[in-house]
Amino acid sequence: MSAYEYYLDKIKQGGFKITQQRIEILKALSKDKMQSAEQLHNNVILIQPNVSLDTIYRNLHMFLKLGVVTETKVGDGKTRFKLSGKKHNHHMTCVNCGSSVELNFCPMDLIKDQITSKNFRVTNHNFEIFGYCSCCS
Ligand SMILES: [Zn+2]
Ligand SMILES: [Zn+2]
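Residue 140 in the working numbering sits at position 24 of the sequence shown, with consecutive numbering throughout.
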């Protein structure tokens, strides 16, 4: 079982095909904690030189929708992407240095009953806290 099986499943469930390109993007994403689309592109073209930055953007958008990656804006205003992680968790991210701290808490647990009562089938959710870490404040 490949390390990307979990993500490939999400992509398949979303109705998208698994292509070698997408596998390479996932591999590249797993190399670094957080990458901008440009950094990711640089990593991918080492293996698949014909992949355009446009393709990277298109796939990142799809990955975002499916909850395969999460995006974070850091100090320089650039958006960085990272794999959402198998373990479900949320983070407090410093907008200055980009460091992030894991929270052992999911706010969804608090509103589970409300969601159930509305018969809404949740496929993904996002909750991130932004601010300044102790070194940057
Ligand atoms: Zn900081
Ligand atoms: Zn959660």
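Beta carbons: idealized from backbone N, C-alpha and C, even for Gly.
None of these values were measured; they are calculated from a predicted model.
- Residue pairing by DSSP puts leucine 219 in a beta bridge opposite His206.
- At a Cβ-Cβ threshold of 8 Å, valine 184 and serine 200 count as neighbours.
- Contact between the stretch 120 to 130 and the stretch 147 to 160 is absent, with fewer than three C-beta pairs closer than 8 Å.
- The shortest CA-to-CA distance from isoleucine 134 to any of Gln155, Asp170, Asn166 and Phe179 is the one to Phe179.
- Comparing alpha-carbon positions, the option among Tyr120, Ile141, Ile163 and Phe246 lying closest to valine 190 turns out to be Phe246.
- In the three-state reduction of the DSSP assignment, leucine 199 falls in the strand class, which pools E and B.
- Glutamate 244 is positioned such that its CB atom lies closer than 8 Å to that of threonine 188.
- At least one heavy atom of ligand 2 lies closer than 7 Å to the C-beta of phenylalanine 243.
- In the DSSP assignment, phenylalanine 246 falls within the unbroken beta strand (DSSP E) covering 244 to 247.
- Histidine 204 is not a Cβ neighbour of leucine 219, given a cutoff of 8 Å.
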